[in-house]
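Protein chains in written order, with our numbering: chain E, 54 to 159; chain P, 54 to 159; chain W, 54 to 159; chain V, 54 to 159. Since the structure comes first, as structure tokens, the remarks are kept for the end.
4 protein chains.
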Amino acid sequence: MESGEIIQELRSFVAERDWEQFHSPENLAKSITIEAAELLELFQWQNPSDISQVADELADVLTYCLLLADKYDLDPGEIIRSKLVKTRSKYPVEKSKGKSDKYDRI
Amino acid sequence: MESGEIIQELRSFVAERDWEQFHSPENLAKSITIEAAELLELFQWQNPSDISQVADELADVLTYCLLLADKYDLDPGEIIRSKLVKTRSKYPVEKSKGKSDKYDRI
Amino acid sequence: MESGEIIQELRSFVAERDWEQFHSPENLAKSITIEAAELLELFQWQNPSDISQVADELADVLTYCLLLADKYDLDPGEIIRSKLVKTRSKYPVEKSKGKSDKYDRI
Amino acid sequence: MESGEIIQELRSFVAERDWEQFHSPENLAKSITIEAAELLELFQWQNPSDISQVADELADVLTYCLLLADKYDLDPGEIIRSKLVKTRSKYPVEKSKGKSDKYDRI
């Protein structure tokens, strides 16, 4: 995925429908949570058998994430990499290998 | 963001720490929801003033999304585009312009 | 739990701190989601061993639920019972026994 | 709401349908999150006008909360009160009055 191209498509999609008025950062943050839970619902009682449903719900989460990143002028790749640097130092390999404990317990 | 490159970095990060054992699709879906709510928490009582916190929490959501896509061999860009095609037909411009109603009410 | 008594205590707690100003229905709905995800976080990679943590997080979800019910003048017991009547007819015993399928698939 | 009575009704409802098999603590925690997001969805773009929908979604969250409390033999009223004691000391009136800041910032 080249996010620069996709965000252009998403911006057009939103603008055509005059939907920017609903896309406050807060509404986008709520939307990410709402779609994340719809994705989780596929795993509510058992693992999903229809992967196209996982694809659709995951796409919804990603879509709202890209719209929120765009709203704050954040580059998705850069923010993921920046966070990874912080996570690397919170979870040094020697202390966290094979463990699921949170960093304050490793 | 070129997601192919980033997913390589994320795979290495996970493998170094022997964390794949915790990354069942269900655990990844739970993680996306958990991180989405941490992002929403920045908007709980007011809008956030510190955008670097938004960047970090959004990065966490995106990270788990990419890991789940990778787990199911889904390309993030493709699934977003596929879903956009479906959303376009659910929300034709002439019926949905300027409205936030769900498709069964437009 | 006698919810009538508890809601009185919660109202006092909120009023003492002049917090009603932050308790719009929307903020309360966001808070329920945020706390629900903190509860889920205890189950992120494995089941929790410390049940007092489950108790605290579950208490937070319940607290915001009672505050939202009170905001809309809804009685928690009544709304649970009303919904149960609807759920009984969506999931008749003979069709849903032993199955986790949603009602449109039983 | 007298939660002791309601939990009896919920237990019967679940038992009649042989659904306890699906009610692991983790599945109940996931369900609380899923229903909380369905409630939040009513506030996604604007405040809801149909309060009966709020009542139904809130009832779903409360229902799963009571089922999880029952699974761990927790009394909803007691855990709310216990947590309130802790919250009182984290947010003393003189420091937190009129402020929405988290306790480490008041």
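All C-beta atoms in this analysis are idealised placements derived from N, C-alpha and C, irrespective of residue type, glycine included.
Item, Value
"Tell me, which residues are paired with E88(V) by DSSP?", "Answer is none; E88(V) lacks a bridge partner."
"Quick one: which residues of the region 93-110 of chain P get their C-beta closer than 7 Å to a C-beta of chain E? List them in chain order.", "L93, F96, N100, I104, V107, A108, D109"
"Counting C-beta neighbours from all protein chains within 10 Å, is the total for A89(V) 16 or more, i.e. buried, or is it exposed?", "buried"
"What residues of chain V sit near G87(E), judged by a beta carbon separation below 7 Å?", "For the record, residue 87(E) in the displayed sequence is Ile; it is not Gly. Per Cβ cutoff of 7 Å: A90, L93, E94, Q97."
"Can you tell me whether K155(W) is buried or exposed? The criterion is at least 16 other CB atoms within 10 Å of its CB, across all chains shown.", "exposed"
"Nearest CA to the CA of D71(P): which residue from S77(E), L119(E), S153(E)?", "S153(E)"
"So, are the CB atoms of L95(W) and V114(W) less than 7 Å apart?", "no"
"Measuring alpha carbon to alpha carbon, tell me which residue in P101(W), A108(W), E79(W) is nearest S102(V).", "E79(W)"
"If we call anything under 7 Å between Cβ atoms a contact, is Y125(E) one with L81(E)?", "no"
"Which residues in the same chain as S56(V) place their Cβ atom closer than 7 Å to its Cβ, once the five residues preceding and following it in sequence are excluded?", "L119, P129, G130"
"By the 8 Å beta-carbon criterion, what residues does the region 67-82 of chain V contribute toward chain W?", "E69, R70, D71, W72, Q74, F75, P78, E79, A82"
"Considering only their Cβ atoms, is the gap separating I60(W) from D109(W) smaller than 7 Å?", "no"
"Taking the alpha helix (DSSP H) that E58(V) falls in, what are its first and last residues?", "56-69"
"Look at the alpha carbon of R158(E) and the alpha carbon of Q74(P), and state the distance between them as a whole number of angstroms.", "19 Å"
"What three-state label does DSSP hand Y125(P) in the structure shown?", "coil"
"State the Cα-Cα distance for the pair S149(W) and Y144(E), rounded to the nearest angstrom.", "46 Å"
"Is there a C-beta anywhere in chain E that falls below 7 Å from the one on S149(W)?", "no"
"Looking at the structure shown, is D113(W) part of a helix, part of a strand, or coil, going by DSSP?", "helix"
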